[in-house]
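There are 4 protein chains.
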Amino acid sequence: MIYRVGVVGFRGYSGAELVRLLARHPGVETWLVEHRQDAEHRPEPAGQPAARRIASEPDAIAAAGLNAVFLATPAEVSLALAPALVERGVRVIDLSGAFRLRTAEAYRRWYRAEHTSPALLAEAAYGLPELCRDRIPRARLIANPGCYPTAANLAIRPLLEAGVVDRAAGIVCDAKSGVSGAGRKPSLRTSFCEVVENFSAYSALDHRHVPEVLLTSGLQEAEFSFTAQLLPIDRGILETIYFRAAKALTGERIFEIYRQRYDAEPFIRIYRPGEMPDLRAVQRTNFCDIGFVFDAASGRGVVVSAIDNLVKGAAGQAIQNMNLAFGFAETEALL
Amino acid sequence: MIYRVGVVGFRGYSGAELVRLLARHPGVETWLVEHRQDAEHRPEPAGQPAARRIASEPDAIAAAGLNAVFLATPAEVSLALAPALVERGVRVIDLSGAFRLRTAEAYRRWYRAEHTSPALLAEAAYGLPELCRDRIPRARLIANPGCYPTAANLAIRPLLEAGVVDRAAGIVCDAKSGVSGAGRKPSLRTSFCEVVENFSAYSALDHRHVPEVLLTSGLQEAEFSFTAQLLPIDRGILETIYFRAAKALTGERIFEIYRQRYDAEPFIRIYRPGEMPDLRAVQRTNFCDIGFVFDAASGRGVVVSAIDNLVKGAAGQAIQNMNLAFGFAETEALL
Amino acid sequence: MIYRVGVVGFRGYSGAELVRLLARHPGVETWLVEHRQDAEHRPEPAGQPAARRIASEPDAIAAAGLNAVFLATPAEVSLALAPALVERGVRVIDLSGAFRLRTAEAYRRWYRAEHTSPALLAEAAYGLPELCRDRIPRARLIANPGCYPTAANLAIRPLLEAGVVDRAAGIVCDAKSGVSGAGRKPSLRTSFCEVVENFSAYSALDHRHVPEVLLTSGLQEAEFSFTAQLLPIDRGILETIYFRAAKALTGERIFEIYRQRYDAEPFIRIYRPGEMPDLRAVQRTNFCDIGFVFDAASGRGVVVSAIDNLVKGAAGQAIQNMNLAFGFAETEALL
Amino acid sequence: MIYRVGVVGFRGYSGAELVRLLARHPGVETWLVEHRQDAEHRPEPAGQPAARRIASEPDAIAAAGLNAVFLATPAEVSLALAPALVERGVRVIDLSGAFRLRTAEAYRRWYRAEHTSPALLAEAAYGLPELCRDRIPRARLIANPGCYPTAANLAIRPLLEAGVVDRAAGIVCDAKSGVSGAGRKPSLRTSFCEVVENFSAYSALDHRHVPEVLLTSGLQEAEFSFTAQLLPIDRGILETIYFRAAKALTGERIFEIYRQRYDAEPFIRIYRPGEMPDLRAVQRTNFCDIGFVFDAASGRGVVVSAIDNLVKGAAGQAIQNMNLAFGFAETEALL
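Chains as they are written, first to last, in my numbering: chain S, 1 to 335; chain E, 1001 to 1335; chain V, 2001 to 2335; chain R, 3001 to 3335.
Quick look at the structure:
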């Protein structure tokens, strides 16, 4: 069976990446869903085949037989579209932050807006397969994780589960992201001349991705210090995570913890103690690469977690979730 | 005497460069002229001294005793402000394209807009000191040249004056500019993710800077092929200019032509035959560096002309013009 | 049948791209051929499958049953390896400049070295399929074209064949390349701090890729002005080509010339008159995108030709040649 | 009096910056000291005035009347040159790591080499004026601090002196540097194609700049976690520093601590609570900009410290030290 899937926001960076990756998928047929007309013209070669297009009317989408729709849209657009689609039996994979938290109250605090579908918010499955795969296959609505929490949770949770982290000393996550994470809408903050040859921190201790880390890792807010920073590159996230050991620990033991936890995971790659991934290792892939250094004498550890924010941090993970939802091999179109 | 000079558009890239360079000038006091309020906030250290500020009301500007105002503004704003300032005896140095051409007709063709002050347009002095210094000192309105024509005219005119160019074969000027030349207003075209790791041509044969080259060099439109291109860098213009010799010629002779023409010019630097400047040589300076390669056997020549688009291509040249207008040393604040 | 193919120089940029692209090819098995040991260590995830490796001994390579070997090596290494491989019945696709010209004399002039296999030089097939496909399938040695000539010839030859270019006025090709074209060997010229925020011209009128353009296009040296320039990006070549029409001509007619010439070519894409490709359109693809602007009044034309220097300019074209040599679909692993 | 000062290593990035800054200084005459001849040719305009040059012979340097010499050289070169110069009464400002630690033992551990002048090592003054100005004016040998420790110590020590940091929980310093900090010698690690669009961590917990932080701040090694990372930019260091409060604390109180400590310091600028500097604020200046965010509820703090690695992190600070040594205004040539 060929599934029909739509992409809302296909002109944005995550949406365009979705379209590019879906083109490789033998089991789906991609439809571009026009939401708001935007006039941005990009020169294109003559004579290219036309894509299938449809307007973002829920009834039309259901009538056209679309099995799923990816929302690569701002949270407020996802809030407007998701309920009507789900109601019509169209599965939704939402790449925005609209359905990632559990309660309307948490949404209000971190997104500074009212949530208009709290029941659906409570129902949504959080789509980080390696850590919460169970609920994804049958979910009507999958909340695709934020890019920062994806890299952070994959690195942190195995260590917490193994009980080797001194939580009282706190975990520090110093995160750096390429500019595509901020979306395609022009703004001064993402203008070339403001970003190039520059580097800057933003949302220190107060980023809206923080609650996703807390929910998935079980850390308390006071135990987790997070700063997001803007790298002068197009794509890639690298997070440098600092912790202190709760008990006697070695680099080899940490290596074993990660390997055992992720042994069967095709998208998680662990480096030998003392070796660190860089962004080149993961760009344009769905991998999350994890490396670390540990000083046994003092119990200090540094973990580096790297992903491509548009792939494992957005479009790739969304397709991984779709593969789970439709029963494809989880790696289809992603390796 | 200390001259009072105002800068309209001081938050833009050229305007900010003007403020930065004027701060080094012992003979002027700089006033920031608020035109349209823009909310852009950039974090700043606490406790910095406040700048002198004034609104862009011509009467207020005259009453405050400003001797000159730099307009680092779009052409339509310059068209609105310049006449009223000139009328009140405030000298104007306009960095926009509003007063660079000679006739309203030419303005209409290249800027696709009506010129509202054709008399002032006819009166304005074109502020390219090395090629037309005479009228600058006494001008009420100085039209600061475009960045592309500055680099092009300085390289081309000596060769044309010396009669060594085969004009019938045409001159090609392949121009590349950093992104700051497009101004600070956010747009998709100048967004980081669109520019980085990219390179693109625009306005081939049809750039509004072309008529400035024709007016200053004396070339006919059909003799001059120009393409502007966007470099993934902040600042700098490099133009690669191709010509064919009209008669027997050598690299040494070309070197002599340039050296004689620019012998007394502090801001023009000529390279030995076969050596070419790069952008690093001129960034953050008011220099125009010129190098070339010439093949005597075939009569083919390649000239490279490099400037910083924000300095010799904008703010630096504007101050050079101000120095001429007020009788300062031409290099004051610029070396 | 599965073909065994080796890659010499697999740690270089072109070689690594070959390995990456060949991994997608269902009809080949890739062997890494160790030539000179280089100690460069790049951190890698633990537990990756080992690649097939072999030393660069021609006898060993033949004994292992390799059907073809790609030489992603400097010209002097290719000169040393190619004859022995060809002799042993191993087909060679050479990515260096060693076998691209026709005579030892031309090689001496442009490469400033003696050619040690002039007979093989004369025999080699020039591997630019769109313009000289005939001899590739049966060639023992395929000389993969230079990156600059690939983009130039594909853009220029259709216009010359159609007789619309005024050759006496000369053709100008202003070429810009990403840094990966210079190879992976560290040098000051390709150091980050020398390249970033910079742009520079080199080898004006004297680049060793020029004779490839002359051979394939039929132009005389005096008719062709070429400058190579270094873009502060990783990959991509964009060439801006200027010509004058030999007779009455229109943009639509140029469009038809290109479309007819390349109608059946899967890797050449033509843009509508007035639209230009940028590098983003071709990066990580085997496409050559061609756009142009033409001013019918004056007969001036500007053509932009864009490729990825590591794909259509190196590894992708090499695989395209291999596909022809082994009878695969020409697009296998490349779309 | 005009002082004569020499620069060894003037072709390197720090050395070139020294020469550039010294040219603005009215009280000194700069001599280029040739050490090892390096053939690197960079095109230059014709007719530039020749610089004063001298060989790196200590006797010649003393005979020429040089009052001070800057060593912008690797540690082993500084070890070879500094003792002989000091002996001849020439003051030395060393930009390498050769004389920054206190004991040969510490040098052996962190630099993995023997120190050949332990007495001079013990005698040298550490040239971080804002924190240890006293011994600089009369020192024969000034050890100019490392770039990372400059930014770290200026941010950390006021908080430690005020006793507001919970040292048991540890301080994390996540440091990012532009590539010029690695010097001008070509290497794969600093090649353009390896760095651009990339980001990578190195020397986690084990960087040779760590002992400078411990010596100046008084922290124990186990209390300080440091990772150095390579930004794809030319120049600038930004360090993100995480701490936990030892007692009740507010952002306003932290602001006061910094302001009081640095009130009289011309090169330290403090931002209001919640505002952070970026690299643009400090590039090409001798400023160290410090901003922070503090969450009073949980006692978590994040401090950002930014400098230009070639100015406050190298050449600018070296001139600041020279100004102190010769009795010039500390800001001469630096504002």
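Every residue gets a Cβ at the ideal spot worked out from N, C-alpha and C, and that includes glycine.
DSSP places ARG3053(R) inside the beta strand (DSSP E), whose first and last residues are 3052–3055.
Taking 9 Å as the cut-off, the beta carbon of LEU3022(R) is found no closer than this to the beta carbon of ALA3314(R). Using beta-carbon distances, VAL2179(V) counts as an interface residue toward chain R, with a partner under 9 Å. Sequence-distant partners of SER2180(V) (beyond 5 residues in either direction) whose C-beta falls short of 7 Å from its own C-beta, in its chain, are TYR2013, ASP2234, ARG2235, ASN2309, LEU2310.
The three-state reading of DSSP puts PRO1149(E) in helix, counting H, G and I together. A residue is called buried when at least 16 other Cβ atoms come within 10 angstroms of its Cβ; GLN1320(E) meets this threshold and is buried. When 7 Å is used as the limit between beta carbons, PRO3186(R) is near these residues of chain V: PRO2186, SER2187, LEU2188, SER2191, in chain order. Look at SER2187(V) here: in three-state DSSP terms it is coil, with no helix or strand label. Shown here, SER1180(E) sits in a helix according to DSSP, grouped into three states. DSSP lists GLY6(S), ARG52(S) as the bridge partner or partners of TRP31(S).
The contact set of ASN198(S) on chain R, defined by CB atoms closer than 9 Å, consists of ILE3233, GLY3236, ASP3278, LEU3279, ARG3280, GLN3283 in chain order. As the crow flies, the alpha-carbon of ALA1248(E) is around 26 Å from that of ALA2228(V). Distance between GLY47(S) and VAL3303(R), taken at the CA atoms: about 55 Å. The DSSP-derived three-state label of GLU332(S) is coil.
Under the DSSP assignment, TYR111(S) falls in the alpha helix (DSSP H) whose first and last residues are 104–111.
Taking the Cβ atoms as the reference, LEU231(S) lies roughly 6 Å from SER177(S), within the contact range of under 8 Å. Chain order gives no chain V residues near SER1056(E), where near means a beta carbon separation below 9 Å; the closest approach is about 34 Å. Here the alpha carbon of ASP3263(R) sits roughly 10 Å from the alpha carbon of GLU3256(R). The residues VAL2092, LEU2120, ARG2140, LEU2141, in chain order, have a CB closer than 8 Å to that of VAL2086(V) in the same chain once the five nearest residues on each side in sequence are set aside. Rounded to the nearest angstrom, the gap between the Cα atoms of PHE1224(E) and ARG1272(E) is 26 Å. Non-local C-beta neighbours of CYS132(S) in its own chain, meaning closer than 6 Å and more than five positions away in sequence, comprise TYR126, ordered along the chain.
Under the 10 Å beta carbon count, MET2001(V) is surrounded by fewer than 16 other beta carbons and is classified as exposed.
The C-beta of GLU1034(E) comes no closer than 9 Å to any C-beta of chain S. Neighbourhood of TYR2013(V) in chain R, by CB distance below 8 Å: CYS3193, in chain order. Taken atom to atom, the span from the alpha-carbon of ALA2084(V) to that of ALA2062(V) is near 10 Å. With a cutoff of 9 Å on beta-carbon distance, ALA2124(V) and GLY2097(V) are scored as not near each other. According to the DSSP assignment, THR3216(R) belongs to the alpha helix (DSSP H) that extends over 3210–3217.
ARG1036(E) and LEU1079(E) have their C-alpha atoms some 15 Å from each other. Rounded to whole angstroms, the separation of the alpha carbons of VAL3090(R) and ARG3138(R) is 13 Å.
From the beta-carbon of TYR1003(E), no residue of chain V is found nearer than 9 Å; the closest lies around 34 Å away.
A residue is called buried when at least 16 other Cβ atoms come within 10 angstroms of its Cβ; ARG88(S) does not meet this threshold and is exposed. Excluding residues up to 5 positions away in sequence, THR3250 lie with their Cβ nearer than 6 Å to the Cβ of ALA3296(R) in the same chain.
For SER298(S), no beta strand (DSSP E) segment is defined, and its DSSP state is neither H nor E. Chain order gives no chain V residues near TYR202(S), where near means a beta carbon separation below 9 Å; the closest approach is about 23 Å.
In the three-state reduction of the DSSP assignment, ILE3233(R) falls in the coil class, being assigned neither a helical nor a strand state.
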